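Numbering (my numbering), first residue to last: 317 to 483.
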Ligand SMILES: [Zn+2]
Ligand SMILES: [Zn+2]
């Protein structure tokens with residue numbers, strides 16, 4: 317499958333069959349900055365949609381599977397995760413003001429912005445290697461999932477350890 321950075325849906329078949337959903341699939345490479353994680357990349361996004369032409373608007377409904385590659389927010393171990401988001405959006409035919417919704421104008425419908433907005437809005441914050449990750453010792457940097465250190469961490473501040481690490 318071709319990986320592109322735009323999500324273009326060809327509506328030619330849909331225009332011929334009003335109300336009948338068709339399948340749309342693509343893989344794309346979108347901006348890492350869409351993720352709420354400082355230490356992660358959005359390796360790719362798999363887009364799987366049912367596209368229905370509801371004259372004159374177009375309904376796109378399905379899932380976005382985001383492949384995230386990065387490092388745990390607390391202990392910095394590598395984390396690779398697939399986050400699946402539901403997607404449901406109407407694209408309006410030539411509305412005057414784009415602020416009122418997503419627009420398409422001809423048979424090549426660009427869904428990139430709608431997908432990017434959904435990812436930015438819906439990906440849950442916090443990327444952890446496991447739910448109860450103990451993180452790094454803020455004093456000696458030991459990974460507390462793997463070892464116990466003898467530091468006094470009564471004034472625990474995980475950010476202090478993160479600040480000293482370079483990527
Ligand atoms: Zn962790
Ligand atoms: Zn320590």
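Built from N, CA and C at the ideal position, the CB exists for glycine as well.
Keep in mind the model is a prediction, meaning the values are calculated, not measured.
In the structure shown, what three-state DSSP assignment does residue 363 receive?
strand
What three-state label does DSSP hand residue 373 in the structure shown?
strand
Whole-angstrom distance between residue 402 and residue 392, CA atom to CA atom
28 Å
Pairwise C-alpha distance: residue 341 and residue 355
One Cα belongs to residue 355, the other to residue 341, and the distance between them is close to 28 Å.
Three-state secondary structure assigned by DSSP to residue 388
coil
Run of the alpha helix (DSSP H) containing residue 437, from where it starts to where it stops
Unbroken alpha helix (DSSP H) run through residue 437: 428 to 438.
Residues bridged to residue 400 (per DSSP):
Residue pairing by DSSP places residue 400 opposite 381 in a beta bridge.
What does a CB cutoff of less than 6 Å around residue 397 pick up in its chain, not counting 5 residues either side in sequence?
Residues of the same chain with a CB within less than 6 Å of the CB of residue 397, apart from the 5 flanking positions on each side, are 384 in chain order.
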